[in-house]
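4 protein chains.
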Amino acid sequence: MEAFSDGVLAVAITLLVLDLHASAAEPETLATQLQRGWPSFAAYAVSFFVIGVVWINHHAVVNLVAHVDRRLLFYNLLLLFFVSTIPFTTSTLAEYLYPSHGASTSVAVLLYGVSTEGMAVAFTLMLWHMTRAELTTRPVTRQQANRAVLRFGVGTLVYPVVTLVGIISAPTMLLLYAALTAYYAFEQTPILSDRPPRGPQAT
Amino acid sequence: MEAFSDGVLAVAITLLVLDLHASAAEPETLATQLQRGWPSFAAYAVSFFVIGVVWINHHAVVNLVAHVDRRLLFYNLLLLFFVSTIPFTTSTLAEYLYPSHGASTSVAVLLYGVSTEGMAVAFTLMLWHMTRAELTTRPVTRQQANRAVLRFGVGTLVYPVVTLVGIISAPTMLLLYAALTAYYAFEQTPILSDRPPRGPQAT
Amino acid sequence: MEAFSDGVLAVAITLLVLDLHASAAEPETLATQLQRGWPSFAAYAVSFFVIGVVWINHHAVVNLVAHVDRRLLFYNLLLLFFVSTIPFTTSTLAEYLYPSHGASTSVAVLLYGVSTEGMAVAFTLMLWHMTRAELTTRPVTRQQANRAVLRFGVGTLVYPVVTLVGIISAPTMLLLYAALTAYYAFEQTPILSDRPPRGPQAT
Amino acid sequence: MEAFSDGVLAVAITLLVLDLHASAAEPETLATQLQRGWPSFAAYAVSFFVIGVVWINHHAVVNLVAHVDRRLLFYNLLLLFFVSTIPFTTSTLAEYLYPSHGASTSVAVLLYGVSTEGMAVAFTLMLWHMTRAELTTRPVTRQQANRAVLRFGVGTLVYPVVTLVGIISAPTMLLLYAALTAYYAFEQTPILSDRPPRGPQAT
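Chains as they are written, first to last, in this note's numbering: chain A, 2 to 204; chain B, 2 to 204; chain C, 2 to 204; chain D, 2 to 204.
Shown next, in the form of structure tokens:
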């Protein structure tokens, strides 16, 4: 399961770069093109780390799996489906990030929100199914399982809020995604833990 | 064999996204572009899960292989060849999905049918050769082998029928592919089983 | 070494598909576009199996490696460099396959020849270095090593001949590549063998 | 950690080829197009081996890792971020390599410098954190750790110098990158060594 998932994550994260381009045929200097193209660069960097954090968490979850059933494979495929849409929703967001695009900016923000919310829901389903169907490498208490699902499930509530902020200001939304990503990247709580998050244990 | 195959499947499934695009340079709003572009989104989603199900079944089959010979590698390469055509046949299908394109819609449907039929035939050849040449991890009775080949071989008969439906209505064909994919994704029968399909055993 | 190489091979083989396209915006029907585009389809299929055979042989060679040194990594990187040029040289060959392009067709043929010859030379260097520097899993006699290097080294002589044929007739060159690929795909001789090629042993 | 990293490296190195193209629709012959396009080919070849050497060193470093913590994953992700920008900075460099582009050439050179400098810094951070946080497979003396970090840290000083040269002459910069790459590809010093670099030991 991991080789294919890592492959899709690696391809999706690297395809993001195809949205960046500068051309000597443009009348503007390169410096001007780069300045004018900041939405593409900002969206690129944020989406890179959004997918990167999915990879870090996916890796941690897959390491806990002892048995794989069809339903887990399907939830995993659902996660990868939303990941694979990120290059499209990122480039669309970059296209419409300037507020001058009016309602289209909100549509682009919603579209990006669907990608990230879909990833969060699919990831929570994976974790929930893994712990309920006893597919983990070591026994998991109901309390541990609930805490893990709750912790990642919170993401499914956070992304809609961030999307709402994006409808008011799309650049602020990108900053919030960057902050969320930094938080998840450095957070040290093991996924299946007895203790509440932010405890002193190392991953 | 698996790393390369997983790589090709992962790249092909992720390249599908390159057919989705929206541009602020278009006179239409983003919402209108997305509505008008529904064939691309529908074809994208269906092809993603078509390749996804190939991956799930490929993974299950490869796990049964103990020895690999040249012929198995060649059949596997043939499977990957048809998989790698999916981004092209999907984008062509999306281009011509509207019935207003007349005969070209039928050609696009046939082209898509060749990709999926090719995958089904190559997959059946792999399974057939594996069981005949005794390349599996555990002994397979002739009865088990026949049942497995028959079960996947049925796909080689189903796809032409689905393609015929597509010549009448291409969108209906996409719905049928979606239904077939959901069926294969959730089906629980082990690939080499003594019992008839739909038995109570877990994979 | 294998995961990265498999990755490059998988990406290169799948990127080939980006050269295939059909558009509803063209004035021609899809059938006409497909007919007119046959050089792209032919070049695509041939290059897919050329890279596929590199993968099969690469896999067989890597399985014989017990120790990896810097020089082997470098020869491997050189092999991957030429593999990674194949999507470009294939699309160029397809662009100029019609003889009406005159001298440019010969240049396209030469370019394609450089890609395949580069692969053959790098592959032979890998095999030669592996056997001389005793990096293999089991001891290799000088005779076995010579035979293996000779056998793959023959490829470095065959490709220039095929390229010369291509300067006279580019489509005939594609057919010859297809024939060579089929030969290498099905050939059963182990890479390090005491016996002359075409012996009865299974790989 | 390695499968995903290898995937990103493999995709980034292979996407470079998308910047090479020749078209029969151009009024120029293929030979003329290839001559005029030499900056693309030079930049392509140099970037291929720049990423290739990152892969060789990354592979050597990852083999020394016994435990992975979140911070190491983050530094690794940072390395991959800069690697993933290489297809963009390479194509931009190729676009503006001709000195006739004036100040834009310097901007393109700086952009390329940011990609390579970012890789060198992230790689040094990985190595520094690995040795300090005792994540290596065998105990590392402070002296060995300092020497390894110093050795790779030198790269973080070399790239800015090479970039300065590039502002005077961009093609000379490409030649310097090629020379650096050849040096790193063939250098035999183990990453964690007691002895000073260039000793007689094999890797």
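The beta-carbon is built from N, C-alpha and C at its ideal position, and this holds for glycine as well.
None of the values given here were measured: they were computed from a predicted structure.
Residues near residue i in its chain [Cβ-Cβ closer than 7 angstroms; skip 5 each side]
i, result
"I14/C", "F49, I52, G53"
"L80/B", "M120, A123, F124, M127"
"Y97/A", "S105, T106, A109"
"A149/D", "L128, T132, I192, L193"
"T93/C", "A109, L112"
"L31/B", "A23"
"A180/C", "none"
"Q205/C", "Look at the range of chain C in this structure, 2 to 204, and you will see that residue 205/C is not part of it."
"V84/A", "V9, L10, A13, I52, V55, M120"
Euclidean distance between Cα positions of residue i and residue j
i, j, result
"A109/C", "F75/A", "45 angstroms"
"L10/A", "V9/D", "9 angstroms"
"A186/D", "W129/C", "19 angstroms"
"L73/B", "T91/B", "27 angstroms"
"E27/D", "A26/A", "16 angstroms"
"L21/A", "M131/B", "46 angstroms"
"A171/A", "P161/A", "13 angstroms"
"G167/B", "P100/B", "11 angstroms"
"P197/A", "L151/B", "At P197/A, the pLDDT of 48 sits below 50, so the modelled position is not reliable and the matter cannot be decided from this model."
"I57/B", "G156/B", "15 angstroms"
"A146/A", "L158/A", "19 angstroms"
"G114/D", "L165/B", "56 angstroms"
"G103/B", "I169/B", "11 angstroms"
"L175/C", "L16/D", "25 angstroms"
"R143/D", "Q144/A", "43 angstroms"
"L136/D", "F42/C", "50 angstroms"
"L82/B", "F82/D", "Inspection of the sequence shows that residue 82/B is occupied by Phe rather than by Leu. Rounded to whole angstroms, F82/B to F82/D spans 31 angstroms at the Cα level."
Supposed contact pair residue j and residue i - C-beta distance, whole angstroms, cut 8 angstroms
i, j, result
"H59/C", "S6/C", "6 angstroms"
"P40/B", "V18/C", "With a Cβ gap of about 19 angstroms, P40/B and V18/C do not count as contacting."
"V163/C", "Y184/C", "Not a contact, Cβ separation roughly 12 angstroms."
"M2/B", "V55/B", "The Cβ separation is near 15 angstroms, so there is no contact."
"A44/C", "A95/C", "4 angstroms"
"T138/A", "A61/A", "Going by Cβ atoms, the distance from T138/A to A61/A rounds to 12 angstroms, so no, they are not a contact pair."
"L193/B", "L65/B", "6 angstroms"
"V141/B", "V12/C", "Actually they are not in contact, since the Cβ atoms of V141/B and V12/C sit about 35 angstroms apart, beyond 8 angstroms."
Residues of its chain near residue i, where Cβ-Cβ distance is below 6 angstroms and the 5 sequence neighbours each way are ignored
i, result
"G200/D", "Because the pLDDT of G200/D is 40, which lies under 50, any placement of that residue in the model is unreliable, and the number read from its coordinates should be weighed accordingly. Correct list: empty, nothing qualifies."
"T86/D", "S116"
"G154/A", "T125"
"E118/C", "Y160"
Residues near residue i by beta carbon distance below 8 angstroms, same chain, minus five either side
i, result
"Q36/B", "none"
"E29/B", "R37"
"A134/C", "D70, R72, L73"
"T182/B", "V47, F50, V51, G53, V54"
"T173/A", "V166, G167"
"A63/D", "The question names Ala, but residue 63/D is Val in the sequence shown. Cβ neighbours of V63/D beyond the five flanking positions: M2, E3, S6."
(message) Suppose only complete runs of 4+ residues qualify. What are the alpha helix (DSSP H) ranges in the stretch 18-105 of chain A, listed by chain order?
(response) 31-37, 39-63, 71-96
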